[in-house]
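Residue numbers (the numbering used here), protein chains in the order written: chain B, 1 to 468; chain U, 469 to 723.
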Amino acid sequence: MRYTHGLEGTTYAFDGLVDLLAKATPRRSGDELAGCAADSDAERAAAAWALADVPLERFLTEPVVGYEEDEVTRLILDGHDRTAFAPIAHLTVGGFRDWLLETAVRPDAATTLGALAPGLTPEMVAATSKLMRNQDLVLAASALQVTSAFRTTIGLPGRLATRLQPNHPTDDPRGIAAATLDGLLMGCGDAVIGVNPATDSPEATADLLHLLDDVRQRFDIPVQSCVLSHVTTTIDLIGRGAPVDLVFQSVAGTEAANNSFGVDLAVLREGNEAGRSLGRGTVGNDVMYLETGQGSALSAGAHLGVGGRPVDQQTLEARAYAVARELSPLLVNTVVGFIGPEYLYDGKQIVRAGLEDHFCGKLLGLPMGVDVCYTNHAEADQDDMDTLLTLLGVAGAAFVIAVPGADDVMLGYQSLSFHDALYARQVLGLRAAPEFESWLARQGMADEQGRIHPLDPGGTQLALMAAP
Amino acid sequence: MSAVPERPAADPWEPLRGLTQARIGLGRSGSSLPTRRVLEFRAAHAAARDAVHEPLDVDGLVAALGELDLGDVAQVSSCAGSRGEYLRRPDLGRRPAGLSAVPASDADVGIVLADGLSPRALAAHGPGLMAALVERLGATYSVAPPVIATQARVGLGDHVGQAMGVDTLVVVIGERPGLSVADSLGIYLTHRPRPGLSDADRNCLSNIHPPEGMGYDAAASVVTALVAGARELGRSGIALKDSSRAVAAVDGGGA
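Structural data, given as structure tokens:
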């Protein structure tokens, strides 16, 4: 199908949905690298006009990645719920943006939008997001409510949870314990205490799982832990009786990109089943923790769609959420600025992508968080992270990631600090997950408003976790 | 400076700081970071950014290499026309703008000194590492005069190595600066270099920045072992990696 739009005396033509979606995407370096971005701002604006007129039905008949060769496409189309889709089946992409913003300001918005999710495909949601300004992405997301639960409840209104990320370059147990102590004393960790292991060795992973589980049990903390090893490593460790709370995996929006991570839908489902079989949750049994990020398919050379055309990275990212929702995860986050400036060049592109990913994931029914982050070769700094964090707090993000002093000394990038999480809770009146907040209060670590008291390690029993 | 208080005499976090390089126990000003911590972070980030963006002083590097008496040093640049383009377009950083300056060589090993993401690292550690490489490699192999490459990614070396005609190419390149270390070098070794190879065809050493990171001689001896392994195996990459891991682990143990 060929799409056209005339602007200022020039007619712009787009060869199929793949081309149209890419050209309508707000400018970003990854699409320029892939060679699918608009050549000019005028072409980008014309593409947005043309995209606005595309009926939502078209996304059910014109896949961006082939049905026969990609299991993610089959998952999306075979799993589409026509009944849920019915209320918006008559709309165009532009009409759906209007419908969303009208619905978002009504009192029953959360219910209406929640019921719609199974009727939406990632491509519909990505297309709509390309027509939305940052404030639209914030407004619509803020009206959505998605909850999940294990030992804490994630995604409740007025709450902002945090992943405490106590990484260490050599997985030193006391080093990880010291960073965990720092985070807990700052009221962080209610989404998960999650370590990126320095190696994928099953033995090292098992040691870390025992370390975190011992801390949780010793101090009776209502949290879940996770060691972010490959899903097959975790499945193996479950079989060997390791204390696995959450099953982690990075996922992407094409079968080929997932294969480059060493996974497919079958092994992800197997991981989910293995985790659930342990029944270790208390207030719920959602066990999957998934990470995504724009550019992951391109970096694996697995970004081509129908006709061998490059698919834009934001549409592919939204497709990763179809993989995620199949697994009813506890947590999903985009690692938005991690992959580098060749995908998201500067603070403006990172902020935009963070809001897009959060909106798309949440609208598709995911408990969506964001790793608000950047690398030293991107044109970004802490001010940009402050901006994105504040916007995400307003948009109702389920959780953010926090590391000591915003400096991840193992992965070599900057995320948020524990202080940043306290800032967001303070200015936006947000609180920790209720189960964790009660624990903080019982420990005398927080006041009735959930504000964290300034504490040093000598002021609490928790200091024992980092003792020799 | 009176607005920036010194760390209190009794720091309750002091016993824990030795356990991790992570920025733990930073204290609080209300909910926020104390001024001192904000300034420390800003200075570290500035150093990392400067390491990325300050161009390589090619003349200075040529002069420093001249003292090693390695022969005529050639220079190439990639197709990336500016630092901004280099950062956005890794594909251009892998392609040479021209190879006419690269002389053919009948040497066993060629060495490319690439600015990569930290020209500062190459300026700081390039000559010292080069001296160690020539000493270690030169005991067994012939080594071609080095080629300096600017706005360069690792893959650029495939073109340079093919133009030189060497059996094995060693790319020494500035690594992405971290907040704590902004001047670290990496080494990528490729046997039978030619365009179209992938990272799976290379062997990598990283974190070369003495005194904290791996030392020059330790890196050079690992490279020499890898060259020997590659020549024996007929290729570099994943198959070679396992046999050299033990060497790398021992020599890099102090990093």
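All residues carry an ideal CB built from backbone N, CA and C; glycine is no exception.
Endpoints, beta strand (DSSP E) assigned at residue i
i	result
B/T180	It is not in any beta strand (DSSP E) - B/T180 instead sits in the alpha helix (DSSP H) that spans P173 to L185.
B/M132	Looking at the DSSP string, B/M132 is not in any beta strand (DSSP E), and its letter there is neither H nor E.
U/S545	A542 to S545
B/A302	Unbroken run through B/A302: none, as it is neither H nor E.
B/R163	A161 to L164
B/V227	S225 to V227
U/G578	V577 to A582
B/V351	Element bounds for B/V351: not the beta strand (DSSP E) but the alpha helix (DSSP H), G347 to L363.
DSSP state of residue i mapped onto helix, strand, coil
i	result
B/L209	helix
B/H453	coil
B/T121	coil
U/H627	helix
U/R713	The predicted position of U/R713 is uncertain, since its pLDDT is 40 and thus under 50; a value taken from the coordinates is nonetheless stated next. Helix.
B/F219	coil
B/T375	coil
B/I339	coil
U/V622	coil
U/Y609	coil
B/Q294	coil
U/A723	Interpretation of U/A723 is limited by its pLDDT of 27, a score under 50 that renders its predicted location unreliable; the figure taken from the coordinates is listed afterwards. In the structure shown, U/A723 sits in coil (DSSP, three-state: anything other than H, G, I, E or B).
B/F248	strand
B/R2	strand
U/Q489	coil
U/C672	strand
B/N196	coil
B/F96	helix
B/S328	coil
B/Y469	Because chain B in this structure spans residues 1 to 468, residue 469 of chain B falls outside the shown range and cannot be described.
B/N167	coil
Residue-level contact to chain B via CB, residue i, 8 Å cutoff
i	result
U/G513	Sequence inspection shows His at residue 513 of chain U; the Gly mentioned does not correspond to that position. With 8 Å as the cut-off, U/H513 counts as an interface residue toward chain B.
U/D559	yes
U/A516	yes
U/A631	no
U/A500	Before going further, note that residue 500 of chain U is Ser rather than Ala in the sequence given. U/S500 counts as touching chain B.
U/S711	Per-residue confidence for U/S711 stands at a pLDDT of 44, beneath the threshold of 50, marking its modelled position as unreliable; the derived number appears in the next sentence. Not closer than 8 Å to any Cβ of chain B, the Cβ of U/S711 fails to qualify, so no.
U/L494	yes
U/T488	yes
U/V611	no
U/R491	yes
U/R562	no
U/V520	yes
Any C-beta of chain U under 8 Å from that of residue i
i	result
B/L291	Before going further, note that residue 291 of chain B is Glu rather than Leu in the sequence given. No, because no Cβ of chain U sits closer than 8 Å to the Cβ of B/E291.
B/P341	yes
B/Q414	yes
B/E32	yes
B/L422	yes
B/P157	no
B/T199	no
B/G175	yes
B/N376	yes
B/G458	yes
B/V409	yes
B/P202	no
B/A178	yes
B/H168	yes
B/D53	no
B/Q426	yes
Contact belief for residue i with residue j at Cβ below 8 Å, rounded distance in angstroms
i	j	result
U/G683	U/T658	In fact, because the Cβ distance is near 23 Å, the residues do not count as touching under 8 Å.
B/M410	B/N167	4 Å
B/L116	B/I88	7 Å
B/L274	B/I235	In the sequence as presented, Leu is not what sits at residue 274 of chain B; that position holds Ala. Confirmed, about 5 Å.
U/P614	U/M598	6 Å
B/D264	B/E71	7 Å
B/A149	B/V283	5 Å
U/L637	U/P661	4 Å
Opening and closing residue of the alpha helix (DSSP H) in which residue i lies
i	result
U/M598	P587 to G606
B/I60	The sequence shown places Leu at residue 60 of chain B, not Ile. Taken as a continuous stretch (DSSP letters only), the alpha helix (DSSP H) holding B/L60 covers R58 to T61.
B/G275	L265 to S277
(Q) Is it the case that the segment 603 to 621 of chain U contacts the segment 645 to 661 of chain U, given that we only count it when at least three CB pairs across the two stretches are under 8 Å? (A) no
Q.
Under 8 Å, with one C-beta from each stretch per pair, do the segment 278 to 292 of chain B and the segment 246 to 254 of chain B reach the 3-pair mark?
A. yes
Q: Decide if the segment 212 to 221 of chain B is in contact with the segment 252 to 260 of chain B; the criterion is three or more beta carbon pairs, one per stretch, under 8 Å apart.
A: no
Q) Can we say the segment 488 to 501 of chain U touches the segment 558 to 571 of chain U, given the rule of at least three CB pairs closer than 8 Å? A) no
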